Each structure stands twice: as structure tokens, then as C-alpha cells.
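Student: Respectively, the protein sequence lines represent chains A and Y. Number 171 in UniProt numbering belongs to position 171 of the first sequence; there are no gaps in the numbering. Number 161 in UniProt numbering belongs to position 161 of the second sequence; there are no gaps in the numbering.
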Amino acid sequence: MKVELRHLSARIHRAPLLEDISVRIDRGELFGLVGPNGSGKSTLMRCLAGLQRPTSGGILVDDADLARMPARHRARRIAFVQQQADTTDRLTVRQAVDLGRIPYLSALRGWGRSDETAVEAALTAVEMTAFAGRLWHTLSGGERQRVHIARALAQDPRLLLLDEPTNHLDIRHQLSLMALVRALPITRVIALHDLNQATACDRIGVLSGGRLVATGLPRDVLNEDLLAEVFGVAATRHAAPDGSPRLHFSHAL
Amino acid sequence: MTMEAAPVRAVTWRGLWLAPVVLGMTILAGTAIGETRLPFVTVLRTLANHLWGAGYPVDGIEAGIIWSYRLPRALVAACCGAGLALTGVVLQALLRNPLADPYLMGLSAGASTGAVLVTVAGLGGGAISMSLGALTGALLAFGCVAVLARAVSGDVGGGRATQAAAALILAGIAGSQLFNALTAFIIARSANAEQARGIMFWLMGNLSGIRWDDVGACMAVSVAGVALCLWHRRGLDAFTFGADGAASLGINVPALRGSLIAATAVMVGVLVSKVGAIGFVGLVVPHAMRFLVGARHDRLVPASALAGAVFLVAADVISRSLVPGQVLPIGVVTALVGAPAFALILVHGARK
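#1: At which residue ranges does the segment 117-193 of chain Y contain complete beta strand (DSSP E) runs of 3 or more residues, listed in the order of the chain?
#2: Would you decide whether Y/R189 is buried or exposed? Buried here means 16 or more other CB atoms lie within 10 Å of its CB.
#3: Which residue comes first and which comes last in the beta strand (DSSP E) that contains A/F249?
#4: On the DSSP letters alone, give me the boundaries of the beta strand (DSSP E) that Y/R45 sits inside.
#5: Note down, in chain order, each residue of its chain lying with its Cβ closer than 7 Å to the Cβ of A/T87, except the 5 sequence neighbours on either side.
#6: Closer than 9 Å, Cβ to any Cβ of chain Y: which residues of the segment 56-76 of chain A, in chain order?
#7: Quick one: give me the first and last residue of the beta strand (DSSP E) that A/S22 is part of.
#8: So is Y/I173 buried or exposed if we call it buried at 16+ other beta carbons inside 10 Å?
#9: So which residues of chain A does Y/G245 contact, with C-beta pairs closer than 7 Å?
#10: Are the beta-carbon atoms of Y/S248 and A/F80 separated by less than 9 Å?
#11: Label Y/I27 either buried or exposed according to how many other C-beta atoms from any shown protein chain fall within 10 Å of its C-beta, with 16 as the threshold for buried.
#12: How about Y/T240: is its C-beta nearer than 9 Å to some C-beta of chain A?
#13: What alpha helix (DSSP H) runs, 4 residues minimum, are completely inside the segment 236-292 of chain Y?
#14: Output yes if chain A places a C-beta closer than 9 Å to the C-beta of Y/G157; else output no.
#15: Taking the alpha-carbon positions, what's the Y/A166 to Y/L94 distance?
#16: Ordered along the chain, which non-local residues of its own chain (more than five positions away) have a Cβ less than 7 Å from that of Y/V285?
#17: With 16 other CB atoms within 10 Å as the buried threshold, where does Y/F40 fall?
#18: Would you say Y/A6 reaches chain A, if we count a Cβ-Cβ gap shorter than 9 Å as a contact?
#19: Listing by chain order, which chain B residues have their CB less than 9 Å from the CB of Y/S222?
#20: For the putative contact between Y/M105 and Y/F142, defined by C-beta atoms under 8 Å, what is the C-beta separation to the nearest angstrom?
#21: Could you list the residues in the segment 41-52 of chain A with a C-beta less than 9 Å from some C-beta on chain Y, going in chain order?
#22: Taking DSSP as the reference, what is the three-state secondary structure of A/L30?
#23: Under 8 Å between beta-carbons, which chain Y residues line up against A/G154? List them in chain order, please.
#24: Look at the alpha carbon of A/A150 and the alpha carbon of A/T129, and state the distance between them as a whole number of angstroms.
#25: What does the alpha-carbon distance come out to for the pair A/G100 and A/S42?
#26: Under 9 Å, do Y/G245 and A/H73 count as touching if we go by C-beta distance?
#27: Smallest Cα separation from Y/G235: which of Y/V301, Y/A196, Y/G175 and Y/H348?
#28: Starting from Y/N252, find everything on chain A with Cβ-Cβ shorter than 7 Å and list it in chain order.
#29: Under 8 Å Cβ-Cβ, which residues of chain Y neighbour A/L91?
#30: Could you give the DSSP three-state label for A/V126: helix, strand or coil?
#31: How would you label A/H13, buried or exposed, when you count the other beta carbons within 10 angstroms and need 16 or more for buried?
#32: For the beta strand (DSSP E) containing A/R237, name the first residue and the last one.
#33: With a cut-off of 8 Å on the beta carbons, I'd call Y/T42 and Y/E62 a contact; round off their distance for me.
#34: Would you kindly report the start and end of the unbroken beta strand (DSSP E) that includes A/S56?
#35: May I ask you to list the residues that DSSP assigns as paired with A/F80?
#36: Looking at chain Y, is there any beta carbon in it that lies within less than 9 Å of the beta carbon of A/P16?
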């Protein structure tokens, strides 16, 4: 799905959170959003997910205005993996993934074969089929995040939004989750804290104080000057054995 | 690996046919058991006489007790149990708070203020019945709580929906305290000892005054409540991972939450105005049913309504027969059973 942000601004209680953001995200692209705490990453993700209305400007998804799209239609196109989403309900992995079909069901239209197929495919995509019968509260953090992604994939979306999905995960789960997200064939927007993980994105955008200060290829954008100015850190950049850029952070400025 | 067509998982409605049977048996039992125990045959014959004029010979006094007192009482108890349990299900799902219960929103506090205003302070000069006063009070209190909650959370366009849930709970506590204080003030100022005792009894839940006139309204609101919750069962499921999770699944969160909470408030308002505040049903029954049938609302809604109905009819029977020659307030019985049951659920949940 092609996504276009046009002069997007958002505020809560008159406090400006996003100011005049314009960017285009191409079909099938993995677009990373980075920025320090409070720079507006989560607000931008919420705007993209349709959970928050921009105060001015707009978002076009495949040339349709997101703000005018009915919620159910939106949920069939756009899926959102929240930063933290937990439940105290006793439900199985499969039941959690089933929730992703809610945009397709109604009070009268019951569970059908297409729903079953979508859930199976989603479980397979995140390699959690063997866990389908496990109860939610017995899962580890990494497994829960995979289930959230499966639930999002069960929505059969054309745009997948992930808000810092690797938070609180150990390094192995971080890497396997990023590999999973990279391999998905749909348009993805992912907010990330770890700048070295962001280098795996096709393109990234850097948010600072609610403004989009840079967009482009990770190796072009993440340079020493920007890291000092936006993130306030001294960093050096070198090439990893595979040629991709790696950042080494020495101290806070 | 061979790909097999995934079998469609049908909702398991196994045992659903049992529901009306269980409910019918409970109501029959509630009608038969009491201070004077009446044989089931008499109960069935009386029902047959009234429902389709079967013409069985039955004792006039017994028939009167069954048809005019016990049956409407059992029916209203069942409606209240179902309604209260359902409200607990809805609030716990929508507010994502396991302690949410029907009285959270100031309903019982408002109802009692309305009731004492009519009975003790003499508002309306006898033109207003106590239950109308209670209903008005309950809805007024809910209105106050809802307005306060909105003021606290602020009108952020579709914004922080989780905050709104916390705001409603806090506003409910504040509203309940205010209306309870008003009730206490009115009683302390103008009630005599007899009135105070009567009000106390009513506040703990009282089915003694129930007649056929009351059955219609109770049944209408509880049946409508069950239907509304079943209609929105998937919307309720969508809140599993919070309000934002529901919104990203295409649920219009403010609309669904507003309409369901307002609808259940009206339902509880009507029920409370007839029978007073009966505690613990709305809190305990949904939790117990989650253990038995799971958290999915296609099963939780009917199961909770049924269990609530059975529980309250049973509690009414116990309240009439526990102390010979005296009727206990039904709220005492539900709390005596409900409080330990709730503690058990909490301990059991903590072990998991």
C-alpha cells in the first residue's frame, strides 16, 4: 500500500506533538521511524493507524483519505502492533490471533472458512502454529510479540504498523523478530529505538521535536552530525562485514 | 508437509439447549421452596391453570401464593441476576478492570438517594412511587459520573482511550461517595427509626414487594440487555488488548463504549429501582464464568446471564428460608456467598 502524509500536524490538549510532516512511503517498502524519546514516533504511528486524528493535514492510503475511511474498512487495510498490549484474560494463542478477523465479521456474519485460512496462514508466517493451543499468560515476551504480529497479519492488511516491537525482548528475539518483519511482503512502517536495527530498513525517517528532520537511506541519514544534533550522542560509523553501516556510540554529548 | 483444508471451528453451542431447562427448573424450584413448601405438582398445575386454563383442582390459597407472590418474585430475581451479571461482563470487558461492577457508576448510590428522597423526605408528595424515584436517582447519578469522567479525561478526539476507562472508574467512586453522603444526610435529618430500618432493608436488596406489575419492566430490560450484548459480542472481544487494540480492529470505541455502558446503566437503574442494590452478582458471576467457559463473549454472555439468574433465584430461596419466620435482605445472602467466592477467585488468579 502506498502511503502519503501531507503536511500532517497533531496536538493533544493544545501541545503540538507533530508539526508539518510530509513523506511518501512506497508500496512494499519497510520504512523505519527513529527519534529520541518524545519526538513523536508513537503519535505518528497512532495517526497512521487512525487512532488519532491529525489537527491539520492528512494521510492518503492508496490515494484514499484515511480520515474519511470507515473504521472497519480501515482495519481491513491497516494493522497495528502496539508498543505494549497485554491482557489478563485467559485466552489461547489461536484465540488471540482470531481477534484479527473481527473487521471481517459482524453480528450476523459468522466465522467462516476464509477466516480459518487467514488465521492458519498468520500463525504459520510467525512460526507459532505449534503454540496455537498455549495460553497467553504462559508465553514469553518474544512469543507474545509474534502473536501480536500474527493477529495483525490475520487482518490481511496492506499496511502493517509496528511501534517499537523489539522493546523488552532479548537479543535473539530482537533479531528473529526483525528478520520476520523484513521478510513480510507488505508495506511496513516500524518505529525503532535501536538505530543499528534501523539500518535494516529500506528507508528511514528521523523525528525530532515533532518534526521530520531527515528521510532517506539509512546509510545516508545516520551520519555523525545527525546523531550528535538529534540524539545528542557522539558516534562513529563503520562497515559491518556484510558492508552495511554499523554505529558505535561512545558517549552522550 | 501436506496442506489440509483447515476445518472450520464451529462455535461450540453444546449444552445450549440446557440453558432454558436449567432456568425453568430454577424458577420452578424458587416457586416451590419457601416457608410453606409446596409440592412441584401443585406448582405445575397452578401454572397450567393460569397459562392455558387447564382447570386442575388446586387449593386456592396455595395457588394464590404460587401465582401472585412466588412466581413473579422468582422471575424478577432471575431477571435481576441476569442483568446484573451481564452488566459486570460488559463493564469488565470495556473498562479492562477486573473490579468493575454495576454499582461502579454510582447507580446504587443514586438509586438510594432517589428512594429516600421520595420515602423519607416526601418528595413529590406521594405522587411519585419509590421505584420511580430510585430510577431517576440512579440515572441522574450515572449522568453526573459520566459528565465528570468526560471532564477528567478531556475530549481528545479518539485519543487516549485507556485514560477514559480509568477516569470513569475514579468518577464513579467520587459520584458514589457523594450520593451515599446525600442519602445518609437525608436519613439522619428526617427519618424516624422505623423508616431508617426500612430503607436499610431496601438498600440491601428486597424482593418482598414484587408483584406481576414489576415483572414486565424487569423482563424487558434484561432480555434486551442479553440481546444487545450478544449483538456486540465481537466488539466486546475486540477489547481484549485494550481500547486502542479495539480501535485498530475497526471498532468505534467511543460509540460502542458509550452506548453499551449507557444501556447497561438504564438496565441496572430499572432493576435497582425494583429490588434495591444487590451486590456481588455483577462482580463474581462474570469472573466465575470466565473460568468455566473462557473469555470469548459469544459464550460468556449467555453463560453469565444464565448463571446470574440461577444464582439470584437460589439466593432468594436461601434468604427466605435461612432464618425461620424472617426474610433476610437478599444482598446479605449474595454478599455472604459472593465475598468468599470472590476472594477464592482472586487467590486462584494470583496463583496462575
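We put the beta carbon where it would ideally sit given N, CA and C, even for glycine. These numbers come from a predicted model, not from an experiment.
Tutor: Let me lay it out:
#1: You should have found no qualifying run.
#2: Around the C-beta of Y/R189, fewer than 16 other C-beta atoms lie within 10 Å, and the residue is accordingly described as exposed.
#3: Counting along the chain, the beta strand (DSSP E) containing A/F249 begins and ends at P245 to A252.
#4: For Y/R45, there is no enclosing beta strand (DSSP E); the enclosing alpha helix (DSSP H) covers residues F40 to W52.
#5: Taken in chain order, the residues that qualify are W136.
#6: For chain Y, the residues of the segment 56-76 of chain A that bring a beta carbon within less than 9 Å of one of its beta carbons are P70, A71, R72, H73, R74, A75 and R76, in chain order.
#7: Counting along the chain, the beta strand (DSSP E) containing A/S22 begins and ends at A15 to I25.
#8: Exposed, by the Cβ-count rule.
#9: Those are Q82 and A85, listed as they occur along chain A.
#10: Yes; because the gap between Cβ atoms is below 9 Å, this pair is in contact.
#11: Classification of Y/I27: buried, given that the 10 Å Cβ count is 16 or more.
#12: So, interface residue.
#13: With a minimum length of 4 residues, the continuous alpha helix (DSSP H) runs that stay inside the segment 236-292 of chain Y are 242-248 and 253-275.
#14: Any reading at Y/G157 must be qualified, since the residue scores a pLDDT of 40, below 50, and its modelled position is unreliable; the value itself is stated next. Interface criterion met: the Cβ of Y/G157 is under 9 Å from a Cβ in chain A.
#15: Taking the straight line joining both Cα atoms gives about 11 Å.
#16: Sequence-distant partners of Y/V285 (beyond 5 residues in either direction) whose C-beta falls short of 7 Å from its own C-beta, in its chain, are A85, G88, S304, A307, G308 and F311.
#17: Of the other Cβ atoms in all chains shown, fewer than 16 fall within 10 Å of the Cβ of Y/F40; this residue is therefore exposed.
#18: Because the pLDDT of Y/A6 is 43, which lies under 50, any placement of that residue in the model is unreliable, and the question is left without a value.
#19: Annotation note: the requested chain B is absent from the structure, which comprises protein chains A and Y.
#20: Confirmed, Cβ separation roughly 5 Å.
#21: Correct list: R46, A49, G50, L51 and Q52.
#22: In this structure, A/L30 counts as strand in the three-state DSSP scheme.
#23: It is worth fixing the name first, because residue 154 of chain A is Ala in this sequence and not Gly. The contacting residues do not exist; A/A154 stays about 10 Å from chain Y at best.
#24: Their Cα atoms are separated by approximately 10 Å.
#25: Distance between the alpha carbons of A/G100 and A/S42 is about 21 Å.
#26: No, Cβ-Cβ distance for Y/G245 and A/H73 is not below 9 Å.
#27: Comparing Cα-Cα distances from Y/G235 to each of Y/V301, Y/A196, Y/G175 and Y/H348, the minimum goes to Y/V301.
#28: Near Y/N252 (Cβ distances below 7 Å), the residues of chain A are A71.
#29: Residues of chain Y with a Cβ closer than 8 Å to the Cβ of A/L91 are, in chain order, T240, G294, A295 and R296.
#30: Note: A/V126 maps to coil in three-state DSSP.
#31: Exposed, by the Cβ-count rule.
#32: Run containing A/R237: V233 to A239, per the beta strand (DSSP E) assignment.
#33: Correct: roughly 6 Å between the Cβ atoms.
#34: S56 to V61 is the extent of the beta strand (DSSP E) around A/S56.
#35: A/F80 is bridged to A/L161.
#36: Answer no: the Cβ-Cβ gap between A/P16 and chain Y never drops below 9 Å.
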